[in-house]
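There are 4 protein chains.
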Amino acid sequence: MAIGRETIENMLKLSNPKWKTSVTRVEPNRIITRGYPQEDIIGNLSFPEMVYLLIKGEIPSKNESNMLEAILISFCDHSVTPPSTQAARLMASAGSPMHACVSGGLLAFGKNHAGAIERAMKTFQEGIKRSKDNIETVALEIINKSLEKGNKIPGFGHRYHTEDPRAPKLIELAKKCGCSGIHTELALTIQSILLEKKGIRMNIDGANGAILSDMGFDWSIGTGVFMIGRLPAIIAHVHEEKTREEPFRKLFDIEEIYYDGVDEKKSIDKKEK
Amino acid sequence: MAIGRETIENMLKLSNPKWKTSVTRVEPNRIITRGYPQEDIIGNLSFPEMVYLLIKGEIPSKNESNMLEAILISFCDHSVTPPSTQAARLMASAGSPMHACVSGGLLAFGKNHAGAIERAMKTFQEGIKRSKDNIETVALEIINKSLEKGNKIPGFGHRYHTEDPRAPKLIELAKKCGCSGIHTELALTIQSILLEKKGIRMNIDGANGAILSDMGFDWSIGTGVFMIGRLPAIIAHVHEEKTREEPFRKLFDIEEIYYDGVDEKKSIDKKEK
Amino acid sequence: MAIGRETIENMLKLSNPKWKTSVTRVEPNRIITRGYPQEDIIGNLSFPEMVYLLIKGEIPSKNESNMLEAILISFCDHSVTPPSTQAARLMASAGSPMHACVSGGLLAFGKNHAGAIERAMKTFQEGIKRSKDNIETVALEIINKSLEKGNKIPGFGHRYHTEDPRAPKLIELAKKCGCSGIHTELALTIQSILLEKKGIRMNIDGANGAILSDMGFDWSIGTGVFMIGRLPAIIAHVHEEKTREEPFRKLFDIEEIYYDGVDEKKSIDKKEK
Amino acid sequence: MAIGRETIENMLKLSNPKWKTSVTRVEPNRIITRGYPQEDIIGNLSFPEMVYLLIKGEIPSKNESNMLEAILISFCDHSVTPPSTQAARLMASAGSPMHACVSGGLLAFGKNHAGAIERAMKTFQEGIKRSKDNIETVALEIINKSLEKGNKIPGFGHRYHTEDPRAPKLIELAKKCGCSGIHTELALTIQSILLEKKGIRMNIDGANGAILSDMGFDWSIGTGVFMIGRLPAIIAHVHEEKTREEPFRKLFDIEEIYYDGVDEKKSIDKKEK
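Chains as they are written, first to last, in this note's numbering: chain A, 13 to 285; chain B, 13 to 285; chain C, 13 to 285; chain D, 13 to 285.
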């Protein structure tokens with residue numbers, strides 16, 4: 013039996029779900045990303061321009077590119093204090109290969125570690141959506157709502173630094189690059205109220221979250237930007253662990269563990285039911 | 013244009029690479045694993061029988077099943093001393109969801125942490141392949157080769173225990189279940205030489221590696237068996253971290269980090285070239 | 013200067029945050045889990061008893077243990093249809109080691125894939141908390157609330173099966189083991205309404221979620237139980253991929269990708285600003 | 013009892029293993045990476061300069077920085093053909109959060125997928141160590157050794173492209189930037205022999221592997237550089253999946269699975285022993 017091409021194509025459409033993407037078209041000897049052949053991109057775009065192109069689909073202006081570069085670099089490293097770096101080094105010490113250690117490090121980017129930037133962006137973006145006209149009212153609403161619930165305001169305060177040295181530098185650059193707008197204004201207003209009331213300053217997540225919001229990034233991409241900035245350091249730490257430390261080292265000694273479960277039992281008790 | 017069904021099917025065969033599997037057949041309202049409908053398996057097989065069926069394709073004898081159950085349970089937990097448990101709890105503290113914390117824990121099953129059982133199995137299996145007749149010669153070869161290279165013999169000695177309490181219990185059960193054979197004999201021979209020479213005893217990996225080898229498991233499945241046995245504890249630890257500890261706690265204090273890189277620089281030096 | 017031991021110990025307490033756990037106490041040559049020395053547990057507890065002990069801190073009754081064993085086994089495998097199995101096999105094909113492939117598989121246990129059991133448990137547990145007396149009212153509330161929002165009711169319906177063969181078998185066993193209570197009653201009530209109205213039946217997540225709730229498991233542990241049950245199959249699939257397939261195989265052909273992004277551009281356009 | 017401070021410090025040294033790092037020093041309000049305060053780095057270093065500084069400990073020359081930027085960008089994306097991108101999108105479809113999807117993507121960077129660059133670098137670096145004087149002899153040795161074993165030569169040939177458009181562009185830039193040396197010469201020599209004999213050309217891994225070797229990067233860091241370059245695309249793909257596709261979509265239809273295990277069995281057969 014012969015059947016029509018159209019029928020077949022419809023059958024295929026139903027039974028063969030396809031991958032669909034707008035990022036890159038691959039053909040034999042042709043790789044075109046967001047409309048640009050990769051051989052034209054290589055050597056002509058900077059890394060932050062590439063990041064912007066991949067995520068937002070267009071090439072940024074020079075100022076936007078400089079700002080994004082500064083943001084990425086500001087996330088570069090915080091030594092072995094974050095759980096992500098610790099986890100990556102634990103895995104390296106356990107003998108996992110580089111790619112698995114890096115994956116493990118990024119797995120620790122949970123909401124308590126890397127979530128602050130997204131929460132800060134969401135707070136700023138929702139605040140500005142509520143009102144563009146009265147920034148001070150919005151700032152007070154955000155602060156009071158958090159204080160009532162006993163929550164920290166995402167993007168303000170830091171467990172190691174009373175004055176995070178990265179934040180003012182980023183704000184300064186944002187102004188210089190013309191990337192500072194209403195979200196940054198909101199963040200600065202929150203800071204001046206908090207500083208007076210509680211002595212608390214903006215941290216790196218607050219600064220970057222505000223600037224990225226002013227650059228038009230949706231809050232859901234915040235952790236992604238953080239990961240791009242931090243990845244080289246995780247690789248450097250895994251490399252350092254693999255080349256400078258002995259394998260499977262005793263990072264925690266047995267004495268540091270405090271057992272607070274039940275006392276030793278004399279025999280196996282199975283529940284009767 | 014009309015084209016023949018057969019032509020189309022041949023085209024599809026070429027252009028649509030298929031997944032192939034011998035583990036489970038899925039049809040609407042029918043799920044058949046290794047030949048058995050799952051509604052017959054549920055309630056009729058024990059968990060170790062299921063593990064054996066999935067990995068080896070057949071249902072084990074009662075003795076093999078009992079032995080595999082004891083092996084799985086012997087891996088149950090070693091508190092927060094292993095990097096896998098530490099990594100999983102770090103991720104839980106960082107706010108990652110349960111499935112990501114568990115994945116992160118297993119990512120730390122690198123060759124230095126979980127690799128000992130596979131190396132022990134490989135050592136025993138290759139030793140027995142070289143000679144079944146003179147176990148003592150094989151044992152001495154294995155020991156001497158390791159001592160020459162300054163390596164530990166996988167499956168012997170433990171960083172916390174001089175006498176790993178799990179190993180003799182497992183060997184005793186293997187004998188009772190008829191699961192102890194020539195590989196276990198080799199492991200015991202190595203132990204008696206090492207004990208006399210160095211005061212070193214078999215550990216859990218040596219015991220389980222020998223018994224699994226006698227049960228016909230290839231060494232490449234060793235880490236897999238360890239993971240099945242350890243998974244419930246990783247889940248219990250993640251649950252404990254999430255329910256009993258405050259989020260993002262300071263597991264490492266800043267004082268515990270020793271920086272040994274270059275001193276602070278006054279200005280940015282770019283290389284000239 | 014000499015300082016007192018107590019002072020030192022207090023200093024240490026402050027500056028050295030400790031790990032705390034109630035799961036296992038480790039001392040040289042002694043490993044005590046939930047109060048039981050591991051050498052007593054090995055050979056005396058079944059795997060489901062161990063799972064129960066680790067997660068809930070006590071040894072279950074024989075009936076509870078049998079029920080938990082059936083639940084774990086019911087999750088055993090669903091061939092290569094789930095994203096977790098596909099992801100694990102992709103990584104195996106890419107040449108990652110066993111432990112990384114397994115981790116990758118579990119990483120796909122996101123809310124759309126493995127979340128149904130936790131959502132089902134939460135729905136049942138919250139429903140019963142609202143009212144124990146009028147199950148039918150609670151069932152109708154749950155159904156109507158979902159229908160209004162256009163949501164599926166978690167634990168009912170299946171993308172491959174109109175009658176999930178595992179669900180009735182599990183319910184039957186729960187009754188036999190005395191593990192079926194008010195949550196199971198609620199699930200069955202929802203099913204009979206849905207079946208009449210929509211022809212939709214309970215699936216494996218609905219059945220296990222109801223039974224686990226009746227056994228006193230909090231909904232937050234649901235994905236954990238699923239992972240324990242599924243892990244052996246993921247290992248079997250990774251092993252099958254590594255031993256039966258050629259490396260880096262073309263699971264997706266280039267023809268199956270549909271690019272729907274912008275057309276090729278002639279030159280690099282940077283935004284002016 | 014009073015004890016001396018020195019004794020205490022020695023005790024602590026033994027019982028409290030510390031983290032040690034040369035990457036970054038963190039003090040309150042001071043973060044110094046590789047000797048540079050981060051507030052000086054932000055806005056003054058480009059992203060590739062930062063990557064170089066983190067991994068190699070010094071700031072590169074302008075030419076080295078431009079070359080590294082081109083290398084990073086050349087890895088930007090290859091659509092949904094690689095297992096890493098597929099795995100990340102599968103996890104996104106399964107409902108895992110961004111950081112878990114990205115981790116899962118990188119987990120697929122196994123030796124068959126991302127290993128080629130490290131193998132290429134190792135081949136070039138070991139070849140040049142054997143002899144710097146006769147590149148042609150080294151090239152022939154490498155080719156013949158691979159052909160004898162039936163192996164591919166890492167860095168040459170591509171499953172989608174007969175002429176990888178990225179490779180010649182990278183080589184051209186390396187010459188322009190003065191980053192092309194003896195390793196690149198070796199790679200080009202291998203290419204001209206292979207092209208004549210087999211019609212096979214250098215691919216992106218061959219080009220980048222040779223240039224990175226000439227820039228003094230050890231082969232063990234190759235996958236790390238690839239991951240930094242690819243990460244933004246993985247984030248873009250996860251974002252695309254989460255925002256443009258429906259959740260848990262049927263990427264594989266049930267018809268595409270071929271079951272080739274045992275036939276259905278009538279009853280549960282347990283082995284007798």
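Note that beta-carbon positions come from the ideal geometry of N, C-alpha and C, so glycine has one too.
Inter-residue Cα distance where the pair is residue i and residue j
| i | j | result |
| --- | --- | --- |
| R256/B | H125/B | 27 Å |
| F2/B | F87/B | Past the boundaries of the shown model lies residue 2/B; chain B is included only from 13 to 285, so the question cannot be answered. |
| A82/B | A179/B | 11 Å |
| P109/B | V114/D | 15 Å |
| H111/D | S91/D | 20 Å |
| M23/A | Y271/C | With a pLDDT of 41 at M23/A, under the threshold of 50, the modelled position of that residue is not reliable, and no figure is offered here. |
| S232/D | E39/B | 46 Å |
| V274/B | T93/D | 43 Å |
| L243/B | I54/D | 43 Å |
Residue range of the beta strand (DSSP E) that includes residue i
| i | result |
| --- | --- |
| E39/A | 36-39 |
Start and end residues, alpha helix (DSSP H) containing residue i
| i | result |
| --- | --- |
| R242/D | 234-256 |
| T33/D | Where T33/D is concerned, there is no enclosing alpha helix (DSSP H), although the beta strand (DSSP E) it sits in stretches over 31-33. |
| L159/D | 147-161 |
| A82/D | 74-86 |
| P60/D | 59-68 |
| L263/C | Here L263/C belongs to no alpha helix (DSSP H), and DSSP marks it neither H nor E. |
| H125/B | Careful: H125/B lies outside any alpha helix (DSSP H) and carries neither H nor E. |
| K5/B | In the structure as shown, chain B starts at 13 and stops at 285, and residue 5/B therefore has no counterpart that could be examined. |
| S143/D | First-last for S143/D: undefined, no H or E at that position. |
| A106/D | Note, A106/D: premise wrong, no alpha helix (DSSP H); not H, not E. |
| D281/B | Neither: D281/B is in no alpha helix (DSSP H) and is coded neither H nor E. |
| D275/A | D275/A -> no alpha helix (DSSP H), and no H or E assigned at all. |
Closest by C-alpha distance to residue i, when choosing among the options
| i | options | result |
| --- | --- | --- |
| L80/A | K282/D, M133/D, F59/D | F59/D |
| I7/B | K74/B, V237/B, L206/B | Past the edges of chain B, shown from 13 to 285, lies residue 7/B, and the structure says nothing about it. |
| K277/D | P244/B, N41/B, T45/B | T45/B |
| G47/B | K30/B, K68/B, V92/B | K68/B |
| S96/A | R213/B, S77/B, A120/B | A120/B |
| G236/C | I129/C, E61/C, K30/C | I129/C |
| I194/B | N41/B, P259/B, V150/B | V150/B |
| K187/D | H173/D, D176/D, D226/D | D226/D |
Residue i in three-state terms, based on DSSP
| i | result |
| --- | --- |
| T45/C | strand |
| V114/D | helix |
| Y172/A | coil |
| V92/C | strand |
| M133/B | helix |
| M227/D | coil |
| Q203/A | helix |
Beta-carbon neighbours of residue i, restricted to chain B and to distances below 7 Å
| i | result |
| --- | --- |
| V35/C | D89, S91, A245, A248, H249, E252 |
Beta-carbon neighbours of residue i, restricted to chain A and to distances below 9 Å
| i | result |
| --- | --- |
| F168/B | The contacting residues do not exist; F168/B stays about 16 Å from chain A at best. |
Contacts that residue i makes with chain C (C-beta to C-beta distance below 8 Å)
| i | result |
| --- | --- |
| A112/A | S108, P109, H111, A112, S115 |
Cross-chain neighbours of residue i in chain B, by beta carbon under 8 Å
| i | result |
| --- | --- |
| V274/D | S34, R46, G47, G69 |
Where residue i meets chain C, residues with beta-carbon distance less than 7 Å
| i | result |
| --- | --- |
| N56/A | I280 |
| D52/A | I280 |
| E81/A | The premise fails here: E81/A is roughly 14 Å from chain C at the closest Cβ pair, so nothing lies under 7 Å. |
Residues that residue i contacts on chain D, provided the C-beta gap is smaller than 7 Å
| i | result |
| --- | --- |
| N41/A | H173, T174, E175, P177 |
Per-residue contacts from residue i into chain D (C-beta, under 8 Å)
| i | result |
| --- | --- |
| N124/C | S105, A106, G107, P259, F260 |
| G127/C | G107 |
| S10/A | The requested residue 10/A does not occur in the structure, where chain A is confined to residues 13 to 285. |
Neighbouring residues, chain B, relative to residue i (Cβ below 9 Å)
| i | result |
| --- | --- |
| L185/C | I54, G55 |
Under 7 Å by beta carbon: chain A residues contacting residue i
| i | result |
| --- | --- |
| L102/B | P95, Q98, A99, A120 |
| S73/C | K282, K283, E284, K285 |
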